[in-house]
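Take the sequence shown: its position 148, counted from the start at 1, is 149 in the numbering used here, and no numbers get skipped.
The C-beta atom is built at its ideal place from N, Cα and C for all residues, glycine as well.
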Amino acid sequence: MKKQAKVVNVSDRAQRESSFAKEVLGPLVGMKLTISRMAQNLTGQISPTINYPEERRRYSDRYRGAHILTARQDGSPRCVACYMCATACPADCIYIEPGEHPDPLIEKVPTRFDIDMLRCVFCGYCVEACPEEAIIMSKESEICALGREETVWGIERLMRRPELKEFGLGFRPNEKLVDSVLAVTPEAKPAIRMAGRITLKENVEMIPHVTFEPQQD
């Protein structure tokens, strides 16, 4: 049985192999976006970086950063040690020890409230579970420590937060809470375009405790 010969069109094959549009223009079309971005960077039209730490990215008000424990007017924590935040926490990073409150109208108060920042996944479940709005989140994400023990934040660390003047408040159920914590004037937070980014610089005043009392209807 004779094998059927394969017919090859030499001219078509040569045209395909030497196609300028395929070998040269093809890759250039694929690199169009990359080349345009490179040209913009070389001419200074955009900058892929910011001058950190002098410049900060502007985070959303729903940003989930380090936690804050809010306080009552007398300076005691608003937390009633109900364990709802610790129960809702998927990382099991919240430890609470309850105690009696001097006010008979308040059932319990935490004598110890610790959050292990190394275990926390910053999901915000504790904030959503809290019935007293005793725990909220900030925009602080830069948590540095020399040892593991420094990453376990207690009541004092969670309630007194001088860093808020730099980072601001993040995720919280009640947006009006910001009025009780930060005093920010509109002219004190200009949006400045530097290095192709919008940065937020705030001049704020901190009160001793993060205090919030709901308004009476």
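Measure from the alpha carbon of residue i to the alpha carbon of each residue in the options, then state which is nearest.
i: R158; options: Q46, P78, R73 and G171; result: P78
i: M138; options: P91, I116 and T88; result: I116
i: Y126; options: L119, R161, C86 and P103; result: C86
i: N175; options: R59, D93, E134 and G76; result: E134
i: A72; options: L165, R161, R173 and F168; result: R161
i: D93; options: L106, R120, T112 and I107; result: R120
i: D75; options: E56, I107 and G45; result: I107
i: I95; options: R58, I136 and P103; result: I136
i: T88; options: E143, P163 and A130; result: A130
i: L165; options: R149, E143 and G155; result: E143
Can you find a CB in chain D that lies within less than 8 Å of the CB of residue i?
i: E134; result: As a matter of chain content, chain D is missing from the structure shown, which is built from one protein chain.
When the distance is taken between beta carbons, is residue j closer than 8 Å to residue i?
i: V81; j: V110; result: yes
i: F123; j: R65; result: yes
i: Y84; j: I69; result: no
i: F172; j: R63; result: yes
i: P1; j: T112; result: Because the chain here runs from 2 to 218, residue 1 falls outside it and cannot be looked at.
From the DSSP output, read off the bridge partner residues of residue i.
i: P111; result: P99
i: M118; result: For M118, which the question treats as bridged, DSSP gives no partner whatsoever.
i: V153; result: D117
i: L170; result: S139
i: P78; result: A72
Taking the beta strand (DSSP E) that residue i falls in, what are its first and last residues?
i: I144; result: Premise fails: I144 is in no beta strand (DSSP E) and is neither H nor E.
i: M160; result: Element bounds for M160: not the beta strand (DSSP E) but the alpha helix (DSSP H), I156 to M160.
i: I69; result: H68 to L70
Using 10 angstroms around the beta-carbon of residue i, count the other beta-carbons present and answer buried if the total reaches 16, otherwise exposed.
i: Q146; result: It should be noted that the sequence gives Ala, not Gln, for residue 146. By the neighbour-count rule (16 or more Cβ atoms within 10 Å), A146 is not buried but exposed.
i: A67; result: buried
i: P209; result: For P209, the predicted structure reports a pLDDT of 40, less than 50, and the residue's modelled location is therefore unreliable. A value from the coordinates is still provided. Exposed is the call here.
i: I156; result: buried
i: R170; result: Reading the sequence as shown, one finds Leu at residue 170 and not Arg. Counting Cβ neighbours within 10 Å, L170 comes out buried, since at least 16 surround it.
In the DSSP assignment, the alpha helix (DSSP H) including residue i goes from what residue to what residue?
i: M138; result: First-last for M138: I136 to M138, but that is the beta strand (DSSP E), not the alpha helix (DSSP H).
i: P28; result: G27 to G31
i: Y126; result: Y126 to A130
i: T88; result: M85 to A89
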